[in-house]
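Participant: Residue numbers (this note's numbering): 7 to 196. Quick reminder that beta carbons are idealized off the backbone N, C-alpha and C, glycines included.
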Ligand code: GRF
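Following this line, the structure appears as structure tokens:
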């Protein structure tokens with residue numbers, strides 16, 4: 007079976023991108039990272055992607071560039087790399103209903119909470135503030151509504167006494183690195 011070609015979209019450090027790329031390289035995830043795309047030139051994950059031998063591209067969003075123009079550039083990069091599936095991994099842009107419609111059911115995201123709890127930002131601080139004993143992460147299909155698509159997989163992570171958003175983030179991130187490649191492995195051939 008031909009391996010699905012994945013584009014990983016990042017805005018930041020890219021640790022989930024690296025976990026996915028390593029799983030592809032080891033064969034535990036039967037897919038291929040066709041390209042890593044960042045919306046900003048200074049995303050640290052770009053250097054990490056190059057170190058992993060991956061193709062990279064930058065598609066600037068925001069500022070003077072409207073979202074529509076940015077998404078058209080993104081579509082061109084995806085076409086050029088013959089991408090089958092878009093994997094959002096810390097990509098801090100909300101994709102338009104037009105774009106999501108074009109890629110319906112073929113965009114996935116990882117979110118650092120047990121959805122449907124804590125959609126949006128600052129999930130770790132909100133979970134700690136609420137006195138929750140458990141947090142976690144979710145991989146979901148991207149739809150027009152933020153963090154609301156079908157949940158494909160979740161892992162629970164305990165919240166320890168004295169946790170700060172930073173310590174909880176580290177524990178959840180380690181779980182993300184296991185969950186995302188595993189869920190993608192099931193998703194690419196479903
Ligand atoms: C992760 O916490 C992920 O859940 C969220 O953004 C963060 C990305 O981290 N969507 P990294 O860039 O993969 O290290």
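#1: Quick check: is any heavy atom of the ligand GRF less than 6 Å from the C-beta of residue 119?
#2: On the CB-based measure, 16 or more other CB atoms within 10 Å of its CB, does residue 139 come out buried or exposed?
#3: By Cβ distance below 7 Å, which residues in the same chain neighbour residue 177 in space, the five residues on each side in sequence not counted?
#4: Consult DSSP for residue 184 and reduce its assignment to one of helix, strand or coil.
#5: Whose C-alpha, out of 113, 118, 194, is nearest the C-alpha of residue 179?
#6: Report back the beta-carbon spacing between residue 28 and residue 87 to the nearest angstrom; my notes put them in contact at under 8 Å.
#7: Quick one: grab the DSSP three-state call for residue 103.
#8: Out of 74, 44, 96, 122, point me to the one whose CA is closest to residue 65's CA.
#9: Skipping 5 residues on each side, what residues in its chain have a beta carbon closer than 6 Å to that of residue 189?
#10: Mind checking residue 95: buried by the 16 CB within 10 Å criterion, or exposed?
#11: Would residue 129 be called buried (16 or more neighbouring beta carbons within 10 Å of its own) or exposed?
#12: Ends of the beta strand (DSSP E) at residue 38?
#13: What is the DSSP secondary structure of residue 26, reduced to helix, strand or coil?
#14: Can you tell me whether residue 110 is helix, strand or coil according to DSSP?
Facilitator: For this structure:
#1: No, the beta carbon of residue 119 sits no closer than 6 Å to any heavy atom of the ligand GRF.
#2: Answer is exposed; the Cβ neighbour count stays below 16.
#3: Around residue 177: 163.
#4: Here residue 184 sits in helix by DSSP.
#5: Of the listed residues, the one whose Cα sits closest to residue 179 is 118.
#6: Wrong, their Cβ atoms sit about 19 Å apart, outside the cutoff.
#7: Three-state DSSP puts residue 103 in a helix.
#8: Looking from the CA of residue 65, the closest CA among 74, 44, 96, 122 belongs to 44.
#9: Leaving aside the five residues that flank residue 189 on each side, the residues in its chain whose CB is nearer than 6 Å to its CB run, in chain order, 145, 158, 159.
#10: Taking every protein chain shown into account, the CB of residue 95 has 16 or more other CB atoms within 10 angstroms, so this residue is buried.
#11: With 16 or more other Cβ atoms inside 10 Å of its own Cβ, residue 129 counts as buried.
#12: Annotation: the continuous beta strand (DSSP E) that includes residue 38 extends over 37-44.
#13: Looking at residue 26 - three-state DSSP - the assignment turns out to be helix.
#14: Secondary structure of residue 110 (DSSP, three-state): coil.
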